[in-house]
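A short worksheet on the structure shown next.
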Amino acid sequence: MYAIVGMSFLNGKFHYTCFWDSTNEIWKKEYLCGTNGNQCPKNTSCKRYWPGPNGGAISFDNFIISCITVFVCITCEGWTNIMHKTFEVADNLGKYFWIYYYTLEIIGAFIIMNLVRGVLSGGFSKQRSRISNRNFLISKMESKIKQISMKYVNWIDEAEKVLAKEAEKKLEKKRKNIRYPFLSNFVIFNSRIRTALKKIILLPFFYWLMMFLTFLNALILVVQHYKQPQWVTDIKGVSQLVFMVFFLLEVILKLYALGLQLYFAKLSDKFEFVVMTLWLLDFFLLKYAGFNFSFFVLHQLQLFRLFQRTNYISEDLVPKDFTYEDMLIIDDVVSIIGGVMTDENIVQDIIEVVEEEM
Numbered sequence: 190m191y192a193i194v195g196m197s198f199l200n201g202k203f204h205y206t207c208f209w210d211s212t213n214e215i216w217k218k219e220y221l222c223g224t225n226g227n228q229c230p231k232n233t234s235c236k237r238y239w240p241g242p243n244g245g246a247i248s249f250d251n252f253i254i255s256c257i258t259v260f261v262c263i264t265c266e267g268w269t270n271i272m273h274k275t276f277e278v279a280d281n282l283g284k285y286f287w288i289y290y291y292t293l294e295i296i297g298a299f300i301i302m303n304l305v306r307g308v309l310s311g312g313f314s315k316q317r318s319r320i321s322n323r324n325f326l327i328s329k330m331e332s333k334i335k336q337i338s339m340k341y342v343n344w345i346d347e348a349e350k351v352l353a354k355e356a357e358k359k360l361e362k363k364r365k366n367i368r369y370p371f372l373s374n375f376v377i378f379n380s381r382i383r384t385a386l387k388k389i390i391l392l393p394f395f396y397w398l399m400m401f402l403t404f405l406n407a408l409i410l411v412v413q414h415y416k417q418p419q420w421v422t423d424i425k426g427v428s429q430l431v432f433m434v435f436f437l438l439e440v441i442l443k444l445y446a447l448g449l450q451l452y453f454a455k456l457s458d459k460f461e462f463v464v465m466t467l468w469l470l471d472f473f474l475l476k477y478a479g480f481n482f483s484f485f486v487l488h489q490l491q492l493f494r495l496f497q498r499t500n501y502i503s504e505d506l507v508p509k510d511f512t513y514e515d516m517l518i519i520d521d522v523v524s525i526i527g528g529v530m531t532d533e534n535i536v537q538d539i540i541e542v543v544e545e546e547m
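Numbers given in the working numbering equal positions in the sequence shown, counted from 1, plus 189.
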């Protein structure tokens, strides 16, 4: 998500520098400039093209390079230098982009990385027998809960049918005394439609369909890159509008079928409602005011719901003697990789390979 946000705001920004107006040569090496960043002195102009800082190692030109830049920041190897270079090209006063890098470090480096290390260390340090017993108990409990929930859902469906029939009979008796009989027909029709839509929404097919659309939306977002053809930009714009309509219809259907109380009972639905509200706000601001906050990337967080469907790690994949020292070795390897990514020569070779593939 951070890579996509970086691409939305900083695509191609790191290739601007000051050139002499007379000779068209670079005024000062490793000097970045931009409309909202550093300004060029007299007799020079801020324009492109030059490879960028660290031989092009630091940029948000395409999804792969953006992921490398975000990974370098997460490893805490030179992330402050990257942040200050961002200030030089897009935020000279440092009012806004510090939020991007500070949250990236807090969430990515401190929380996610330590959470992953803690989970792996705690899980791998347990014995095989305990893991297998726990998995057996969990699977047994899940099957029991599933059976109870299915009975509960079936009971609710049957109760809704009975209540609908009783309401239909009562309305049929009172229809002669009602001034507007068509309203009673509308109430019955509305109840049947909501019941049918609720069944569709609770189907696994509907869940996987929305997950597929979310994944497809993310796939189209990561295709964009620096110096991309105009048709890629056009396809991205049209696809974002189409996906916005699909996800908006999902929210409307859930609100209509489940009602406000049941819809806002789940945290994921609350988050989805907030994201769609921000997405619509972003769409109208971009269309009528020219502001782009890229709120649509927040919808990609819905992909984390896939972890609810994953199974536990197989006991055959869990080593017996995985200690805390092994986790420290993994931590050192990650830090070394982050340091290597800041090496100009190594990353330049990687960039050349990526550009050839793009």
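Where is the CB? At the ideal position from N, CA and C, for every residue including glycine.
The C-alpha of Y415 is placed about 18 Å away from the C-alpha of I271. Taking all protein chains shown into account, T403 has 16 or more neighbouring C-beta atoms within 10 Å of its C-beta and is therefore buried.
A straight line joining the alpha-carbon of G226 with that of F260 spans about 24 Å. If you check the CB distance, F249 and L282 do not come in under 7 Å. Bridge pairing for S211: absent [DSSP]. Distance from the CA of I300 to the CA of G267, rounded to the nearest whole angstrom, comes to 19 Å. In the DSSP secondary-structure assignment, C229 is not bridged to any residue. DSSP, reduced to helix, strand and coil, places N406 within a helical segment of the structure shown.
Assigned with DSSP and collapsed to three states, T384 falls in helix. Secondary structure note for M465: its alpha helix (DSSP H) is the uninterrupted segment L456 to Y477. According to the DSSP secondary-structure assignment, H414 is paired through a beta bridge with N251. For the pair L437 and V463, the Cα-to-Cα distance works out to about 11 Å. Nearest C-alpha to I345 among F203, V376 and K388: K388. Taken atom to atom, the span from the alpha-carbon of I337 to that of M330 is near 11 Å.
In the three-state reduction of the DSSP assignment, K236 falls in the strand class. Boundaries of the alpha helix (DSSP H) around A446: Q419 to Y452. A446 sits buried, since 16 or more C-beta atoms from the chains shown fall within 10 Å of its C-beta. Ranking G426, K284, G245 and L309 by CA distance to the CA of G201 puts G245 first. If you check the CB distance, C265 and A298 come in under 7 Å. Nearest to K455 by C-alpha distance, out of W468, T466 and V440, is V440.
Nearest to S211 by C-alpha distance, out of N232, T224, K218 and C262, is N232.
Per the C-alpha coordinates, the member of M339, N251, T384 and Y291 positioned closest to P418 is N251.
Secondary structure note for Y289: its alpha helix (DSSP H) is the uninterrupted segment F286 to L293. Just so you know, the alpha carbons of I193 and K333 end up roughly 41 Å apart. With respect to the C-alpha of L410, the residue from Y396, L398, F432 and L392 having the closest C-alpha is F432. By alpha-carbon distance to I215, the top candidate from K236, F203, V434 and S197 is K236.
It is roughly 16 Å from the alpha-carbon of L391 to the alpha-carbon of E347. The alpha-carbon separation between G195 and S328 amounts to approximately 41 Å. Put simply, the backbone Cα of V421 is about 25 Å away from that of T224. Less than 7 Å divides the Cβ of L442 from the Cβ of L386. The alpha carbon of N379 has as its nearest neighbour, out of F325, K340, G448 and L408, the alpha carbon of G448.
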